[in-house]
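K.L.:
Residue numbers (the numbering used here): 739 to 840. A virtual CB, placed ideally from N, CA and C, is assigned to each residue, including glycine. Just so we're clear, the structure is a prediction, and the values are computed from it rather than from any experiment.
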């Protein structure tokens, strides 16, 4: 059984027991979070919502929060001394899928 849900403008496929990195949420470790924006559930047959399935939710347990590895953005142009180097570290919340209710 798996579910496809929406969080932070992105879609995630999750099964019970999976560990996911979601965009930063303001929650403490060991809290539980319920997400109601479930787009599809497959449990022997696929059910797709329009756009969401009513009454369906994904229950997540928060493990921790942190920052990802740095992504380097390096842009170089034709001319001499015309380059740009920037870095970016995405903040995330690591969660474990506890239940899929649908």
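For residue 779, report the span of its beta strand (DSSP E) as first-last.
P.N.:
Within the chain shown, residue 779 is the residue found at index 41, counting from 1. Residue 779 -> beta strand (DSSP E) spans 776–780.
K.L.:
So residue 752 is in the beta strand (DSSP E); what residue range does that whole segment cover?
P.N.:
Working through the chain shown from its first residue, we reach residue 752 at position 14. Per DSSP, residue 752 belongs to the beta strand (DSSP E) from 748–753.
K.L.:
Can you give me the Cβ contacts of residue 774 inside the same chain, cut-off strictly under 8 Å, excluding the 5 residues immediately before and after it?
P.N.:
Numbered from 1 along the chain shown, position 36 holds the residue referred to as residue 774. Here the set comprises 790, 794, 795.
K.L.:
Tell me which residue opens and which closes the beta strand (DSSP E) that residue 832 is part of.
P.N.:
Within the chain shown, residue 832 is the residue found at index 94, counting from 1. Looking at the DSSP string, the run of the beta strand (DSSP E) that includes residue 832 is 829–839.
K.L.:
With distance defined between alpha-carbon atoms, name the residue in 836, 788, 781, 807 nearest to residue 801.
P.N.:
Start at 1 with the first residue of the chain shown, and residue 801 comes out as number 63. Checked all of 836, 788, 781, 807; the closest Cα to residue 801 is 836.
K.L.:
Count the other C-beta atoms from every protein chain shown that fall within 10 angstroms of the C-beta of residue 814, then say buried if there are 16 or more, exposed otherwise.
P.N.:
The residue you call residue 814 lines up with position 76 of the chain shown. Looking at its Cβ environment, which holds fewer than 16 other Cβ atoms inside 10 Å, residue 814 is exposed.
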